[in-house]
Each structure stands twice: as structure tokens, then as C-alpha cells.
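S.K.: Just passing along the structure, written as C-alpha cells.
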Amino acid sequence: MGCRACEIACAVEHSVSKSIYGAVLEKPRPKPRIRVLPVDLFYVPMRCQHCKDAPCLRVCPTKAISRSDEGYVILNPLKCIGCLMCTLACPFGHPRYDPETNVVIKCDFCIDRLREGKLPACVEACPTGALRFGRLEEFLTEVAEEKARELLSGAAVPGVVVTKPVELPRPPEEARGVPLIKKMYSPASWGGKS
Ligand code: SF4
Ligand code: SF4
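Taking our numbering, the leading residue of the sequence shown gets 3, the next gets one more, and so forth.
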């Protein structure tokens, strides 16, 4: 719904004080690693995809970007020289240059929180459940179970099926009754002249 609670939670999580009241006074200003963008009639939260074969990680000349033991693509700001190679390599436009610190920032999946058994800050803050954290297989099973329950209860919403018409060869004019139509709409004749 575009409330941006995830952006605020992310900025606070990456602040020194980790408090919303302290974060607003900090210099440099804590910045979110997630962005909520308006797309047509919707709002889409955008953040790093933690790619399997991450282009940002491959191009970083100082190895500031690495993969954590859990598989997340993380950034060590102490090693970053602000060359912006990762920002050019990322197909999703994620690492973001911070002119206040001259390094890039990116989502780290709140790795410290995860190691404490907590959810990422953005997920915890999302009031509608639009952001979830877990394994894809679990979500797919959840969706399949929900659909099965809907079908059994008769509450299933009919889906929309998009079909493409088959293109058949055009029959000859006679078969389509074209001569008859031409005759019906032929110009009226007055006094034997058309
Ligand atoms: S910053 Fe971009 S390229 Fe790197 S892991 Fe995230 S989405 Fe992939
Ligand atoms: S900006 Fe920093 S993280 Fe990105 S490629 Fe350069 S050194 Fe690596």
C-alpha cells in the first residue's frame, strides 16, 4: 500500500543508534537499502535479489562484496573504494552510492538479525504481509494448500484464461456468401440507370 514502513525500518536498522529517534539526528543520515517504487496503480518494494551468480560480486575489485555462509550477498563498507562498478553491473540497480560516505550501500538481508533468529527489519515492519521471508518451497506449498481449501469450500475465484484464436485459412467468397451480400447492397437503379 506504499506506506514505506519497510524503508524506515531498514534505515533505522542500519543506523548507529538503531532507534528511530536517534536515527533522525545521526550524521551521516542512515539510509534504507529497500525502495518502494510506484508502478502503475501499485507500489513495488525493490531490494537486492541476492543473485546466485551475482554480477556485483564478480566485478568488485576490492572484494568488498562477498557471499555470507548463509548465501547472502553482503558488502563490507570498510573495503569499498566507491568505484561504482557494482552499480553498473547490477541488472536491478541495487547497490546505491552514498555521497555522504563515498561508499555504496546495499541490502544485507539484516544478516545480524537473522543470526539472532529474528526476521529482516523490513519484513517485521510490513503491516500487510506484502514482504515475507522464508524458503520459496514453503510459500508455494502454502499457496497450493490455500487454493485446495478454496476449491473444497467452493470459494475458489474463477481464474482468467487468456487464449489466442487459431488462425484458419479464409474460405472462398462464395462460401462466405459474399456475392449475395454484394447483390443485396448493389446501388439502387432509377429508371433503368444505376
Ligand atoms: S546487488 Fe544486484 S547483482 Fe548484486 S546480488 Fe543484489 S541484485 Fe544481484
Ligand atoms: S563501489 Fe565498492 S562495492 Fe562496488 S565495486 Fe567498487 S569497491 Fe566494490
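Backbone N, C-alpha and C fix where the C-beta goes; we use that ideal spot for every residue, glycine too.
Since the model is a prediction, treat every value here as computed from it, not as a measurement.
Could you compute how far the alpha carbon of V18 sits from the alpha carbon of T143?
M.R.: Residue 18 sits at position 16 when you count from the first residue of the sequence shown. Residue 143 sits at position 141 when you count from the first residue of the sequence shown. When rounded, the distance between both Cα atoms is 39 Å.
S.K.: Within 10 angstroms of the Cβ of G4, are there 16 or more other Cβ atoms? Answer buried if so, exposed if not.
M.R.: Counting from one through the sequence shown, the residue named residue 4 turns up at place 2. When all chains shown are included, G4 counts as exposed.
S.K.: How far does the alpha helix (DSSP H) with D114 in it extend, from its first residue to its last?
M.R.: One-based indexing of the sequence shown puts residue 114 at position 112. From DSSP, the alpha helix (DSSP H) with D114 extends over I113 to R117.
S.K.: To which residues of the same chain is G194 closer than 8 Å at the C-beta, ignoring the five residues directly before and after it?
M.R.: Residue mapping note: residue 194 aligns to position 192 of the sequence shown, counting from 1. Bear in mind that the predicted position of G194 carries a pLDDT of just 46, short of 50, making it unreliable; the figure below should be weighed with that in mind. There are no such residues.
S.K.: Looking at the structure shown, is K195 part of a helix, part of a strand, or coil, going by DSSP?
M.R.: Within the sequence shown, residue 195 is the residue found at index 193, counting from 1. Only weak support is given to the placement of K195: the predicted model assigns it a pLDDT of 46, under 50, and the value that follows is read from those uncertain coordinates. Residue state, collapsed to three classes: strand.
S.K.: Would you kindly report the start and end of the unbroken beta strand (DSSP E) that includes M48?
M.R.: Here residue 48 refers to the residue found at position 46 of the sequence shown. Start and end: F44 to M48.
S.K.: Mind checking whether the beta-carbon of L90 lies closer than 6 Å to any heavy atom of ligand 2?
M.R.: Against the sequence shown, residue 90 aligns to sequence position 88. L90: no, Cβ never under 6 Å from ligand 2.
S.K.: Going straight from the alpha carbon of C124 to that of I76, what length do you get?
M.R.: Reading the sequence shown from its first residue, position 122 is the one you call residue 124. Reading the sequence shown from its first residue, position 74 is the one you call residue 76. About 17 Å.
S.K.: Is A177 helix, strand or coil by DSSP?
M.R.: Position 175 of the sequence shown, counted from the start, is the residue given in the question as residue 177. Coil, per DSSP.
S.K.: Below 6 Å CB to CB, which residues in the same chain sit around I22 once its five sequence neighbours on both sides are set aside?
M.R.: If you number the sequence shown from 1, residue 22 lands on position 20. Sequence-distant partners of I22 (beyond 5 residues in either direction) whose C-beta falls short of 6 Å from its own C-beta, in its chain, are V14.
S.K.: For L77, which three-state DSSP category applies?
M.R.: Reading the sequence shown from its first residue, position 75 is the one you call residue 77. In this structure, L77 counts as strand in the three-state DSSP scheme.
S.K.: State the beta-bridge partners of R151 as determined by DSSP.
M.R.: Here residue 151 corresponds to residue number 149 of the sequence shown, with the count starting at 1. DSSP lists no partner for R151.
S.K.: Report yes or no: do three or more beta-carbon pairs, one from the region 102-121 and one from the region 64-84, lie closer than 8 Å?
M.R.: yes
S.K.: Under 6 Å, CB to any heavy atom of ligand 1. Which residues pass, going along the chain?
M.R.: C50, Q51, H52, C53, A56, P57, C58, V75, C92, F94, H96, P97 and K108
S.K.: DSSP puts R69 in a beta bridge; with which residues?
M.R.: Counted from its first residue, the sequence shown places residue 69 at position 67. Bridge pairing for R69: V75 [DSSP].
S.K.: Using the beta-carbon count (16 or more within 10 Å), is P34 buried or exposed?
M.R.: Taking the first residue of the sequence shown as 1, we reach residue 34 at position 32. P34 should be labelled buried.
S.K.: Determine, using beta-carbon pairs with one atom in the region 131-149 and one in the region 82-99, whether at least three such pairs fall under 8 Å.
M.R.: No, because fewer than three Cβ pairs between the region 131-149 and the region 82-99 fall closer than 8 Å, the two stretches do not touch.
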